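Asks: Here it is, the structure in full.
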Amino acid sequence: MNESRMPAIGIPRAMLYYRYGALWEQFLQALGVSFQLSPPSSRGILETGTRLAPDESCLSLKMFMGHVDTLVGRCERILIPRYSNYGYTELFCTRYEGLYDQARNIFRSSGQRFITCNIDAQNGSPEAKAFELFGVELGFSARQSRRAWQEASKALKQKQKAEEQSQKELAAKPGMKVLIAGHSYILSDPYLGMPILDCLVSSGAVTLRADALESETARKACAKFSPTCRWIVSEEIVGGVLHWKEKADGIILVSAFPCGPDSMTNELLIRRLKGMPILPLVLDTQSGMAGVETRIESFLDIIRFQRGDMV
Ligand code: SF4
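Once you know that position 200 of the sequence shown is 202 in our numbering, the rest is easy, because the numbers rise by one and skip nothing.
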């Protein structure tokens, strides 16, 4: 492809795209920068990522590298924001922090150019500053970049509010309800999490998601439950579970093998949420939907029995 006709930026549709993608897209749109997303996840993308990523990587990181691979040679630069922290007690999983450098290393012989946006408040680069520098690197003034970030932040908040509102309406519906908790990039991934959500819906369950809650509300709820939880996204998931659990008949905790933060927070939830049926599901590169479907069906039978829908 002729480089001048390529989109300026390629965005891997994986990992934090599902959490902050609205922010990144709106920022680029506000500046008039063209961008392209990688295609929706598939078995082929996961297989490529598994081959490219270091063996000890979690499933999400393997999927991410597969997405990066689909963009190589198809855009001028691939955007991989580096999310490190929002402050001393507000940390992200270290895998997000290393993504940009890891991808540059894995694809070093491809000639592909990469660009980052470095969110690291501990080292003088809070989100506002990071996006200002990112905009400047794209060729815009600091003022234009700041304005674009403000618009983009507003868009992200509005999206989260809308998701929370539509879930409120769902929670008010009659019938068996299952709360599904996990990282947005697992739950919303068409190859990893969406088949689980589809399975629940086709089994007649109303499905609520722990991540459909504004970040601030979720993190406040988590702080009361576990003041020492270290990771922002984990706080949001735990807070989402605590917020929505009263509306649900059971909870499914979905995580990617081998996820360090989930192994701690899921254990905490299982130990402390007494009296609520909880099904932990750990996905890995070998997970097939047949085994997962059987476990979900048995879990739903337990819920039906507890609700008195089954005798
Ligand atoms: S939080 Fe877990 S699944 Fe997500 S990147 Fe970190 S280790 Fe992987």
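Glycine residues also receive a C-beta, built at the ideal position from the N, C-alpha and C atoms. As the structure is a computational prediction, the values presented were derived from the model and not from experiment.
Within 10 angstroms of its Cβ, does G252 collect 16 or more other Cβ (buried), or is it exposed?
Replies: Translated into positions along the sequence shown, residue 252 becomes position 250. G252 should be labelled buried.
Asks: What separation, rounded to the nearest whole angstrom, lies between the Cα atoms of Y193 and K64?
Replies: What you label residue 193 is simply residue 191 of the sequence shown in a count that begins at 1. What you label residue 64 is simply residue 62 of the sequence shown in a count that begins at 1. Roughly 13 angstroms between the two C-alpha positions.
Asks: The beta strand (DSSP E) that contains N87, what's its start and end?
Replies: For the purposes of this step, residue 87 is taken as residue 85 along the sequence shown, with counting starting at 1. First-last of the beta strand (DSSP E) with N87: 84-89.
Asks: Please specify which runs of the beta strand (DSSP E), each continuous and at least 3 residues long, are wholly inside the stretch 23-86, giving them in chain order.
Replies: 37-39, 79-81
Asks: So, with DSSP's three-state summary, where would you put T219?
Replies: On the sequence shown, residue 219 is found 217 positions in, with the first residue counted as 1. It is helical.
Asks: Is it buried or exposed, A2, if we count other Cβ atoms within 10 angstroms and call 16 or more buried?
Replies: In this structure the chain extends from 3 to 313, so residue 2 is not present and cannot be described.
Asks: Grab the span of the alpha helix (DSSP H) containing R106 for me, first residue to last.
Replies: Position 104 of the sequence shown, counted from the start, is the residue given in the question as residue 106. Where R106 is concerned, the enclosing alpha helix (DSSP H) stretches over 96-108.
Asks: Mind checking whether the beta-carbon of C201 lies closer than 7 angstroms to any heavy atom of the ligand SF4?
Replies: Residue mapping note: residue 201 aligns to position 199 of the sequence shown, counting from 1. No, the beta carbon of C201 sits no closer than 7 angstroms to any heavy atom of the ligand SF4.
Asks: CB I11 to CB F37, shorter than 8 angstroms?
Replies: On the sequence shown, position 9 is the one that residue 11 refers to. On the sequence shown, position 35 is the one that residue 37 refers to. Closer than 8 angstroms, so yes.
Asks: Determine the direct distance from the alpha carbon of F136 to that of A123, and round the result to whole angstroms.
Replies: Numbered from its first residue, the sequence shown carries residue 123 at position 121. Numbered from its first residue, the sequence shown carries residue 136 at position 134. Rounded to whole angstroms, A123 to F136 spans 15 angstroms at the Cα level.
Asks: Below 8 angstroms, can you find three or more Cβ-Cβ pairs linking the stretch 45-53 to the stretch 83-92?
Replies: no
Asks: Cβ of R97 versus every heavy atom of the ligand SF4: is any distance shorter than 7 angstroms?
Replies: Taking the first residue of the sequence shown as 1, we reach residue 97 at position 95. Yes, Cβ of R97 sits closer than 7 angstroms to a heavy atom of the ligand SF4.
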